[in-house]
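Asker: So the sequence shown is residues 292 to 528, counted in our numbering. For every residue, glycine included, the Cβ atom is placed at its ideal position computed from N, Cα and C. Keep in mind it's a predicted model, so treat the numbers as computed, not measured.
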Amino acid sequence: MSTAIVTEGRAPWLRKALPAAFLLASAVNLVTVSTGHSVVETASKALLMPLLAATAALAGAPRLLLVALAFGWGGDVLLSFGGNGFLFGMGSFAVGHLVYLALFRRHGTDRSRAESVGSAVVYAAGLAALMALLLPGLPADLRVPVAGYSCLLTAMAWSAGRAGRVAAAGGALFLLSDSLIAAEMAGWGPLPVHGLWVMTTYLAAQALLAVGLLGHIRPGAPRAAAVTASGSAPATP
């Protein structure tokens, strides 16, 4: 039995409304991140992953993708509380990365040895450099959790290449987004409009991971996938 959500017979308007709602919520969130309207920012942030997951479900997403996005939503919400919410949010994202790893293992394809080893070396070197630069500046109680999370995130980003270039770009952007957060915590920055950079790369990462996986599992799906501005719908097999 297929693990994909079957969308035959669903209301066609939803195929346009849900991507449009995701784009609108993303735009509102990015504007409020930049302007400091915290209540609207928090509310819009809580809508992002549910809307992306609903859009992916209509496009025939595997259930594991919806689970990964659900843990991403958990991370988004928990991080909004601050304090200990940071560790719980990081834990939720970590579980989501484990689910992504399972997805890439189940639905990905083997890469050439040269491509696999080459990308692994690049990611390993990047991780080592990042840890050397950032860990000394982090609070002592966060160094081990952040190091462990960073290793898991890097493994996910590397593994995303098994689902094609679009998913690989999503994995790399996820790593970049979280690196920006870690850099600020370690005293490197923040960049101008730091929150805008973090959320832009994060939203692009989750969207590209979803679109890349859908296109890899169901060729042709990305043409009308989750986050296109036109809101066009993927072909139903």
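1) Expressed to the nearest angstrom, what Euclidean distance is found between the alpha-carbon atoms of Pro-427 and Pro-483?
2) At 4 residues or longer, and completely inside the stretch 336 to 375: list those alpha helix (DSSP H) runs for me, N to C.
3) Report yes or no: do the stretch 429 to 440 and the stretch 450 to 460 share at least 3 C-beta pairs separated by less than 8 Å?
4) With H, G and I counted as helix, E and B as strand and the rest as coil, what does DSSP make of His-328?
5) Please say whether Ala-337 and Leu-357 have beta carbons closer to each other than 7 Å?
6) Using C-beta distances below 7 Å, list every residue in its chain close to Val-330, excluding the 5 sequence neighbours before and after it, in chain order.
7) Determine whether the beta carbon atoms of Ala-359 and Gly-382 lie at a separation below 7 Å.
8) Who are the Cβ neighbours of Val-319 in its own chain at under 8 Å, not counting the five residues just before and after it?
9) Can you look up Thr-323 in the DSSP assignment and give me helix, strand or coil?
10) Can you tell me which of Leu-425, Gly-461, Val-324 and Trp-304 puts its alpha carbon nearest to the alpha carbon of Glu-475?
11) Helix, strand or coil, according to DSSP, for Gly-439 in the structure here?
12) Count the other CB atoms, across all protein chains shown, that sit within 10 Å of the CB of Pro-303; report buried if there are 16 or more and exposed otherwise.
13) For the stretch 481 to 499 against the stretch 460 to 468, are there 3 or more C-beta pairs whose distance is under 8 Å?
14) Just the C-alpha distance for Phe-395 and Leu-314, rounded to the nearest angstrom, thanks.
15) Count the other CB atoms, across all protein chains shown, that sit within 10 Å of the CB of Asp-367; report buried if there are 16 or more and exposed otherwise.
16) Checking 7 Å against the spacing of the C-beta atoms, do Ala-385 and Leu-429 come in under that value?
17) Counting only the same chain and skipping the five closest in sequence on each side, list residues whose C-beta sits under 7 Å from that of Phe-377.
18) Is it buried or exposed for Ser-317, if we count other Cβ within 10 angstroms and need 16 for buried?
19) Out of Ala-463, Ala-477 and Leu-505, state which residue places its alpha-carbon closest to the alpha-carbon of Ala-496.
20) One question on the structure: do Ala-312 and Leu-505 come within less than 7 Å of each other, judged by their Cβ atoms?
21) Which same chain residues end up closer than 6 Å to Ile-508 when comparing Cβ atoms and leaving out the 5 residues on each side of it in sequence?
22) Roughly how many whole angstroms lie between the Cα atoms of Pro-513 and Ala-431?
23) Phe-372: buried (16+ other C-beta within 10 angstroms of its C-beta) or exposed?
Answerer: Looking at the atomic coordinates:
1) By 1-based counting over the sequence shown, the position of residue 427 is 136. By 1-based counting over the sequence shown, the position of residue 483 is 192. C-alpha separation (whole angstroms): 23 Å.
2) 354 to 370
3) no
4) The residue you call residue 328 lines up with position 37 of the sequence shown. It is coil, neither helix nor strand.
5) Translated into positions along the sequence shown, residue 357 becomes position 66. Translated into positions along the sequence shown, residue 337 becomes position 46. Result no, Cβ atoms of Leu-357 and Ala-337 do not sit closer than 7 Å.
6) Here residue 330 refers to the residue found at position 39 when the sequence shown is read from its first residue. Result list for Val-330: empty, nothing under 7 Å.
7) As a working note, residue 359 is residue 68 in the sequence shown. As a working note, residue 382 is residue 91 in the sequence shown. With respect to Gly-382, Ala-359 sits apart: the two C-beta atoms are not nearer than 7 Å.
8) The residue you call residue 319 lines up with position 28 of the sequence shown. Spatial neighbours of Val-319 in its own chain (CB-CB distance under 8 Å, excluding positions within 5 residues in sequence) are listed in chain order as Val-331 and Ser-335.
9) As a first step, residue 323 must be located in the sequence shown, where it is residue number 32. In this structure, Thr-323 counts as helix in the three-state DSSP scheme.
10) On the sequence shown, residue 475 is found 184 positions in, with the first residue counted as 1. By alpha-carbon distance to Glu-475, the top candidate from Leu-425, Gly-461, Val-324 and Trp-304 is Leu-425.
11) Within the sequence shown, numbered from 1, the residue matching residue 439 stands at position 148. Reduced to three states, the DSSP call for Gly-439 is helix.
12) In the sequence shown, residue 303 corresponds to position 12, counting from 1. With fewer than 16 Cβ atoms within 10 Å of its Cβ, Pro-303 is classed as exposed.
13) yes
14) Reading the sequence shown from its first residue, position 104 is the one you call residue 395. Reading the sequence shown from its first residue, position 23 is the one you call residue 314. Each residue's Cα considered, the two are about 26 Å apart.
15) Looking up residue 367 in the sequence shown gives position 76. With 16 or more neighbouring CB atoms inside 10 Å of its own CB, Asp-367 falls in the buried class.
16) Working through the sequence shown from its first residue, we reach residue 385 at position 94. Working through the sequence shown from its first residue, we reach residue 429 at position 138. Cβ distance not < 7 Å, so Ala-385 and Leu-429 don't count as in contact.
17) Along the sequence shown, read from residue 1 onward, the residue named residue 377 stands at position 86. Within the same chain, Phe-377 has close Cβ partners Leu-370.
18) By 1-based counting over the sequence shown, the position of residue 317 is 26. It is buried - the Cβ of Ser-317 has at least 16 other Cβ atoms within 10 Å.
19) Indexing the sequence shown from 1 puts residue 496 at position 205. The shortest Cα separation from Ala-496 among Ala-463, Ala-477 and Leu-505 belongs to Ala-463.
20) Start at 1 with the first residue of the sequence shown, and residue 312 comes out as number 21. Start at 1 with the first residue of the sequence shown, and residue 505 comes out as number 214. Cβ distance not < 7 Å, so Ala-312 and Leu-505 don't count as in contact.
21) On the sequence shown, residue 508 is found 217 positions in, with the first residue counted as 1. Same-chain partners within the cutoff: His-398.
22) Here residue 513 is taken as the residue at index 222 of the sequence shown, counted from 1. Here residue 431 is taken as the residue at index 140 of the sequence shown, counted from 1. With a pLDDT of 43 at Pro-513, under the threshold of 50, the modelled position of this residue cannot be trusted; read the value that follows with caution. Computed Cα separation, rounded: 43 Å.
23) For the purposes of this step, residue 372 is identified with residue 81 of the sequence shown, where counting begins at 1. With fewer than 16 other Cβ atoms within 10 Å, it is exposed.
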